[in-house]
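Residue 206 in full-length UniProt numbering sits at position 206 of the sequence shown, with consecutive numbering throughout. The C-beta atom is built at its ideal place from N, Cα and C for all residues, glycine as well. First the structure, in the form of structure tokens, and then the observations on it.
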Amino acid sequence: MPHLLTDRAITRSPLPLVTSAEARVLRLALAGPGFARVRRGVYVDAAAAARLAPWQRYALRVHAFALVHPDAVLCLESAAVLLGLPLFGETRDIHVFDPDRTASRRFGDVCVHTSVDAREVVPVDSILCTSPADAVIDLARVLPPAQALAVVDAAISPRQGGALVVDDLRERAASQASRRGVARLAWAWAHADARAESPGESVSRAVIRWCGFEDPVLQAEFRYEGVTDRTDFLFPSSRTVGESDGWGKYGIGDGDAPADAARRFRDEKRREDRLRRAGHPVARWEMADAVRVEPLATALQRAGVRLVRPRDRAGLASLRQTPRALPHRPR
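Here is the structure:
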């Protein structure tokens with residue numbers, strides 16, 4: 001099941017935001033334990049905020065900032081919130097683009113960026129942000145490679161709702177004066193694939209290559225027993241099928257009705273059995289397995305996937321780099 005940009009985009013605050021002025025009118029006690037401060041003058045229900053996922057907490061902060069600064073132009077991860085580009089964890093800072101500044105500056109958790117390279121500005125539900133193309137290029141310059149690949153894949157993948165073209169992105173980036181992250185950009189352009197259906201697939205593809213396994217074929221289709229099945233990955237030499245998103249991609253565990261979850265589970269089990277009967281070993285893993293590397297590598301080795309190159313230790317080490325994210329905190 002593809003992960004759509006429109007489904008990931010958080011164009012409205014995940015929770016109702018209350019300003020100090022509104023609280024005075026409504027006689028709300030913002031100083032009490034029931035409210036949490038998102039930023040100066042903006043509050044939210046504390047219990048509800050504590051239940052948010054990391055990317056939702058970041059979206060809450062972005063929308064609180066936009067509420068106070070309606071003329072600001074969001075960029076980088078802050079623009080990604082509105083555009084539906086993949087986010088990884090809770091981003092540390094709010095990112096704003098201001099071409100009129102002479103230098104980039106930080107104000108608390110707000111980074112104001114400037115550049116001699118112009119950015120196209122688009123409105124998203126009355127909030128201003130850089131265009132999808134500019135947001136993708138800016139992110140690909142600074143994110144760890146696997147995350148950058150997921151962002152580029154999402155933007156160019158029709159199955160994820162992306163409409164950009166990697167050659168156009170490459171040309172736009174090459175025309176810019178900034179030389180920041182040019183090696184990262186080159187790697188992302190070279191390995192981007194419009195067939196990717198989820199960030200998990202993109203990250204997995206990077207890890208598969210860095211581990212030294214043969215490059216898989218994406219979205220291969222098979223027709224067995226009168227049924228057509230599409231797979232995330234096919235490793236040709238061993239005929240191994242790889243599935244990168246665990247059971248969640250089928251809606252299992254996402255709050256569906258028990259009957260729907262059971263039906264999806266049965267359908268997926270039948271699908272896997274068909275592939276195995278036709279001689280395909282099946283390896284399955286989740287995003288967390290890919291980031292930890294060894295669970296994914298072990299699953300592929302047990303399924304008979306060939307190693308064809310040495311490990312890229314620098315690439316694998318980059319999976320542990322999260323300088324732009326806050327430390328993980330459980331909900």
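Start and end residues, alpha helix (DSSP H) containing residue i
{"i": "His63", "result": "Pro54 to Val68"}
{"i": "Arg306", "result": "Where Arg306 is concerned, there is no enclosing alpha helix (DSSP H), given that its DSSP letter is neither H nor E."}
{"i": "Gly315", "result": "Arg313 to Ala317"}
{"i": "Ser84", "result": "Residue 84 is actually Gly in this sequence, not Ser. Taken as a continuous stretch (DSSP letters only), Gly84 belongs to no alpha helix (DSSP H), as it is neither H nor E."}
{"i": "Glu272", "result": "Pro258 to Arg277"}
{"i": "Gly200", "result": "Pro199 to Cys211"}
{"i": "residue 390", "result": "No answer is possible for residue 390: it lies beyond the span of the chain, which begins at 1 and ends at 331."}
{"i": "Val151", "result": "Pro145 to Ile156"}
{"i": "residue 340", "result": "Past the boundaries of the shown model lies residue 340; the chain is included only from 1 to 331, so the question cannot be answered."}
Residues bridged to residue i (per DSSP)
{"i": "Thr130", "result": "Val121"}
{"i": "Gly242", "result": "Phe233 and Ala283"}
{"i": "Arg172", "result": "Answer is none; Arg172 lacks a bridge partner."}
{"i": "Thr91", "result": "Ala325"}
{"i": "Arg37", "result": "Tyr43"}
{"i": "Leu74", "result": "Val96 and Cys129"}
{"i": "His191", "result": "Per DSSP, none; premise fails for His191."}
{"i": "Thr19", "result": "Val42"}
{"i": "Thr228", "result": "Arg223"}
{"i": "Cys111", "result": "His95 and Arg106"}
{"i": "Val217", "result": "Leu234"}
Cβ pair residue i, residue j closer than 7 Å
{"i": "Thr322", "j": "Gly161", "result": "no"}
{"i": "Arg51", "j": "Tyr43", "result": "no"}
{"i": "Ile127", "j": "Asp109", "result": "no"}
{"i": "residue 337", "j": "Ala206", "result": "Nothing can be reported for residue 337: it is not among the residues displayed for the chain, which extend from 1 to 331."}
{"i": "Ala194", "j": "Ile156", "result": "yes"}
{"i": "Asp134", "j": "Glu120", "result": "yes"}
{"i": "Gly89", "j": "Ala325", "result": "yes"}
{"i": "Ser178", "j": "Asp260", "result": "no"}
{"i": "Ala148", "j": "Arg170", "result": "no"}
{"i": "Ser198", "j": "Asp245", "result": "yes"}
Per-residue burial, residue i [other beta carbons within 10 Å of its own, 16 or more giving buried]
{"i": "Ala314", "result": "exposed"}
{"i": "Thr240", "result": "buried"}
{"i": "Ser20", "result": "exposed"}
{"i": "Thr231", "result": "buried"}
{"i": "residue 415", "result": "The chain is shown only over 1 to 331; residue 415 falls outside these bounds and no answer can be derived."}
{"i": "Ser175", "result": "exposed"}
{"i": "Asp125", "result": "exposed"}
{"i": "Leu15", "result": "buried"}
{"i": "Phe213", "result": "buried"}
{"i": "Ser104", "result": "exposed"}
{"i": "Pro33", "result": "exposed"}
{"i": "Glu294", "result": "exposed"}
Proximity to residue i [Cα-Cα], best of the options
{"i": "Ser204", "options": "Ile137, Asp229 and Leu234", "result": "Leu234"}
{"i": "Phe65", "options": "Ser13, Asp98 and His113", "result": "Ser13"}
{"i": "Arg276", "options": "Arg223, Arg264, His328 and Arg263", "result": "Arg223"}
{"i": "Val112", "options": "Glu294, Ala206, Leu82 and Leu74", "result": "Leu74"}
{"i": "Ser274", "options": "Arg184, Asp229, Val96 and Thr130", "result": "The residue you asked about is not Ser; residue 274 is Arg in the sequence shown. Comparing Cα-Cα distances from Arg274 to each of Arg184, Asp229, Val96 and Thr130, the minimum goes to Asp229."}
{"i": "Val96", "options": "Phe88, Thr240 and Val62", "result": "Val62"}
{"i": "Asp289", "options": "Arg27, Ala48, Gly242 and Glu214", "result": "Gly242"}
{"i": "His328", "options": "Arg306, Ala262, Arg57 and Ala220", "result": "Arg57"}
{"i": "Glu221", "options": "His280, Ser202, Arg266 and Val68", "result": "His280"}
{"i": "Asp153", "options": "Glu201, Ala173, Asp168 and Phe107", "result": "Glu201"}
{"i": "Leu164", "options": "Gly181, Glu272 and Val136", "result": "Val136"}
{"i": "Thr91", "options": "Val282, Leu76 and Trp210", "result": "Leu76"}
Host beta strand (DSSP E) of residue i (start-end)
{"i": "Glu221", "result": "Glu221 to Tyr224"}
{"i": "Arg106", "result": "Arg105 to Phe107"}
Proximity test, residue i beta-carbon vs the ligand PLP heavy atom, cut-off 6 Å
{"i": "Ala146", "result": "This structure lacks the ligand PLP; in fact it carries no ligand of any kind."}
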